[in-house]
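Protein chains: 2
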Amino acid sequence: MNRLWSSVTNSLTPYVPGEQPKNIDNLVKINTNENPYPPAPGVLEAIKKACNKDLRLYPECNAQIMVDSLVEFYKLKHPDAKLESENFFIGNGSDEVLAFALRAFYCNQKPLNMNDITYSFYTVYCDLFGIPYTIHPLNRDFTVNVESFVKAKGGVIITNPNAPTGIYLDVSQIKYILDNHKDDVIIIDEAYIDFGGTSCAELIAEYDNLLIVTTLSKSRSLAGLRIGYAYGHKDLITGLNVIKNSFNSYTMDRIAQVAGAAAIDNWKYYDIITDKIIRTRQWVTAELDKRGFKTLKSSSNFVFTTHPDYHAIDLARGLRNQGVVVRYFNKPRINEYLRITIGSDDEMQRFFDALNKEFGI
Amino acid sequence: MNRLWSSVTNSLTPYVPGEQPKNIDNLVKINTNENPYPPAPGVLEAIKKACNKDLRLYPECNAQIMVDSLVEFYKLKHPDAKLESENFFIGNGSDEVLAFALRAFYCNQKPLNMNDITYSFYTVYCDLFGIPYTIHPLNRDFTVNVESFVKAKGGVIITNPNAPTGIYLDVSQIKYILDNHKDDVIIIDEAYIDFGGTSCAELIAEYDNLLIVTTLSKSRSLAGLRIGYAYGHKDLITGLNVIKNSFNSYTMDRIAQVAGAAAIDNWKYYDIITDKIIRTRQWVTAELDKRGFKTLKSSSNFVFTTHPDYHAIDLARGLRNQGVVVRYFNKPRINEYLRITIGSDDEMQRFFDALNKEFGI
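If you read the protein sequences in the order shown, they are chains F and G. The first sequence maps to residues 1 to 361 in our numbering. The second sequence maps to residues 362 to 722 in our numbering.
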């Protein structure tokens, strides 16, 4: 209790991000779901071009250059979604977009519904904004209990594919939830969608209460630049802008805007590296099987895995001794699992070598 | 009233930033207090160096590289402030830092006190966070009514030098307010301090309730990169981090971090361009005098001026016809004033030429 802090500051337990070691030169860093491949060459070129005297000037405040790229991209990849400029909102990482969305669409009157095992930032936002929440336990096989969400009162936020499980929920199931929550905003956090799921994008033409949030940190190799976006009905985007312009009008700097646009434009490059990551995931899953691990079916750039003969915490520590950093969550239901990011083939070979050296498996 | 918005979203009136015209090639843009000179060459070099494959990785979440530069800088320029790493907080523009600070230190129990004429974002934050506020009218000469703040209950936020007036409040007066608010956080927003005022930095060693907020957008020519920071007692910085890590853990991207550090390191360059801007301001003020304008004494990179024979709105429109964009606020007490950013000598000559061509003054 600090006398100079507000009551909310005194009451909060902040989010704890995964470890970001200072020097990673000799580490295999497969703990925070970064992409092992570099950003598209076009992204680096765009940044170098924008690195000039115009940095003295404020940026355009809606990141329109990136919105324009997104409109083109979705016309090509999701034509039935019929998305225009007014359907997109850009933010400083999907964390910021999610924070704005929770403040924009939920209040203390109705709870926000979420899975027990999901992105742990959601409850932190709720505590910050005074939003009550209802926790829905995943089924025993870690799939989403859809009926429970259908019956619940209030808003819904679901990560799809889920994290840290990696399990994908079919679009038909999300449609089922949307049909039963016409007056609540349903947020689908598709941070990992490019690695195996089908986006709900097309549902936006049909549902004015669906907001999809995603990030350029994972499939676009740009965790270092903090770029996320949301898309949905234009009234939801207007609501997001009301909150943003009551908090910080210029969230996207000039460099991030052009880099984000270039990352969207260079989708062919990213399709290729995404395919590589999916192939590596298949190989890693098969190798884990051979070593006795039980791995959930992943549609993400990570796998969630457990071994019957070793405690997950011991595995994590042993791997760390060998310079391999994976993510361990000391939480009920998942404290015998490790979340392992899919790195390059070489990195994953070093992961298996470390397992062998430390545990003989 | 939108059925899908939260009650707070339905109630807010967001901040309206100054106009950012798309194509400024033929304009004299002196409306949003940008610096007419480019960032230091070292800043652009630092960005180009950071533009590499590591952008795939999350940034360090406290912008430690920039904090390290700030510690060195303040040791040199403000040794008596005795500032260490734990005294600094970096954010995505000072607007974000201010938003975090208001959420961290004020609540609905006591009002936040501010001037009637000041940065108009403060009341917007209060509305967003449900913080009551008390407005203290500036004196008739637009100086701060210090006694009114001394007597008031609750926190205090003051821009110094004030905007849009440009008038500087002496450190002794801020000390007087601090002495009478030992259990409230006093925020001094020093966005414009480098253009003529004395920073309160040294008071931090003495007052645990003082938070200074500033920006790299003005004196460091980096409005396009969105970098601001706060400094104060370490407990205040911890409070800011509680809020930040409940909202968005990675607010500062890799490029902004190294650019911010380089901008602080290259202070010699910035001292030179700041001196140029101050000299231009002196010349502009004298020229405005000759033309019959009444200009408040500015310690900022802008002047706030009025003309007895012309309505400010007409002057703003006439200048716009000539391609000169200045800031006009349609608000009580100041609706006969223009806020004019100090550009380069050449830009200010074009401003005077436009005045002459349009109004014959």
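Just so it is clear, CB atoms sit at the ideal spot from N, CA and C, and this is done for glycine as well.
Three CB pairs or more closer than 8 Å across the region 239-250 of chain F and the region 104-112 of chain F: Contact check between the region 239-250 of chain F and the region 104-112 of chain F: three or more CB pairs, one atom from each, fall below 8 Å, which counts as touching.
Could you give the distance in angstroms between the alpha-carbon of G:Asp415 and the alpha-carbon of G:Trp628? About 27 Å.
Quick check: what's the CA-CA separation for G:Pro522 versus F:Ala50? 32 Å
Report yes or no: do the region 288-306 of chain F and the region 70-79 of chain F share at least 3 C-beta pairs separated by less than 8 Å? no
Could you please give me the residues that DSSP links to G:Lys390 through a beta bridge? DSSP output for G:Lys390 lists G:Val686 as bridge partner(s).
Is there a Cβ of chain G sitting closer than 8 Å to that of F:Ile96, yes or no? The sequence shown places Glu at residue 96 of chain F, rather than the Ile named in the question. F:Glu96 counts as touching chain G.
In chain order, what residues of the same chain lie with their CB nearer than 6 Å to the CB of G:Leu586, ignoring the 5 residues before and after it? Excluding residues up to 5 positions away in sequence, Ala617 and Ala620 lie with their Cβ nearer than 6 Å to the Cβ of G:Leu586 in the same chain.
Relative to chain G, which residues along the region 217-229 of chain F have a C-beta separation below 7 Å, given in chain order? Ser221, Leu222, Ala223, Gly224, Leu225 and Arg226
Just checking: is the beta-carbon of F:Asp265 within a distance shorter than 8 Å of some beta-carbon in chain G? So, not an interface residue.
Counting only beta-carbon atoms, is F:Ile313 nearer than 8 Å to chain G? no
Taking a cut of 8 Å between CB atoms, which residues from the region 695-714 of chain G lie near chain F? none
Touch test, the region 477-485 of chain G against the region 605-613 of chain G, Cβ-Cβ under 8 Å, three pairs minimum: no
Given that G:Trp644 touches chain F, what residues does it touch there, using C-beta distances under 7 Å? G:Trp644 does not reach chain F, its nearest Cβ partner there being about 21 Å away, counting only Cβ pairs nearer than 7 Å.
For the region 32-46 of chain F against the region 59-69 of chain F, are there 3 or more C-beta pairs whose distance is under 8 Å? no
Tell me where the beta strand (DSSP E) around G:Leu571 begins and ends. Leu571 to Thr576
Considering only the beta carbon of each residue, do F:Ile193 and F:Thr165 sit closer than 8 Å? no
For G:Asp675, is the classification buried or exposed, using 16 other Cβ atoms within 10 angstroms of its Cβ as the cut-off for buried? exposed
Can you tell which of G:Arg700, G:Ile722 and G:Pro493 has its C-alpha closest to the C-alpha of G:Arg652? G:Ile722
Comparing the C-beta of G:Thr641 with each C-beta of chain F, is any distance below 8 Å? no
Distance cutoff 8 Å, beta carbons only. Does G:Glu648 sit that close to anything in chain F? no
Own chain residues within Cβ distance below 7 Å of G:Ala584, not counting five before or after: Glu395 and Ser578
Starting from the C-beta of F:Lys29, find all residues in its chain whose C-beta is less than 6 Å away, skip the five residues before and the five after it, and write them out in chain order. Val325
Are any of the Cβ atoms in chain F nearer than 8 Å to that of G:Arg417? yes
Following the continuous alpha helix (DSSP H) through G:Gly621, name the residue where it begins and the one where it ends. Arg615 to Asp626
Compare the C-beta of F:Thr9 with all C-beta atoms of chain G and state if any pair is closer than 8 Å. yes
G:Ile426 (DSSP reduced to helix, strand or coil): Three-state DSSP puts G:Ile426 in a helix.
With a cut-off of 8 Å, does the C-beta of G:Glu567 fall near any C-beta of chain F? no
So which of F:Asp68, F:Tyr337 and F:Pro137 has the shortest CA-CA distance to F:Lys294? Proximity to F:Lys294 across F:Asp68, F:Tyr337 and F:Pro137 peaks at F:Tyr337, based on C-alpha coordinates.
Of all Cβ atoms in chain F, is any one closer than 8 Å to the Cβ of G:Ile633? no
Bridge-paired residues (DSSP) for G:Leu473: G:Tyr494 and G:Gly516
Give the range of the alpha helix (DSSP H) segment to which F:Asp353 is assigned. Asp345 to Phe359
At what residues does the alpha helix (DSSP H) containing G:Ala462 begin and finish? Ser455 to Phe466
Following the continuous beta strand (DSSP E) through G:Ala591, name the residue where it begins and the one where it ends. Gly589 to Gly593
For F:Phe88, three-class secondary structure by DSSP: Collapsing the DSSP output to three states places F:Phe88 in a strand.
Listed in chain order, which residues of the region 594-609 of chain G have Cβ atoms closer than 7 Å to some Cβ of chain F? Asp596, Leu597, Gly600, Val603, Ile604, Asn606, Ser607, Phe608 and Asn609
List the residues of chain F whose Cβ lies closer than 8 Å to the Cβ of G:Thr393, in chain order. Ordered by position in chain F, the residues that pass the 8 Å Cβ test against G:Thr393 are Tyr58.
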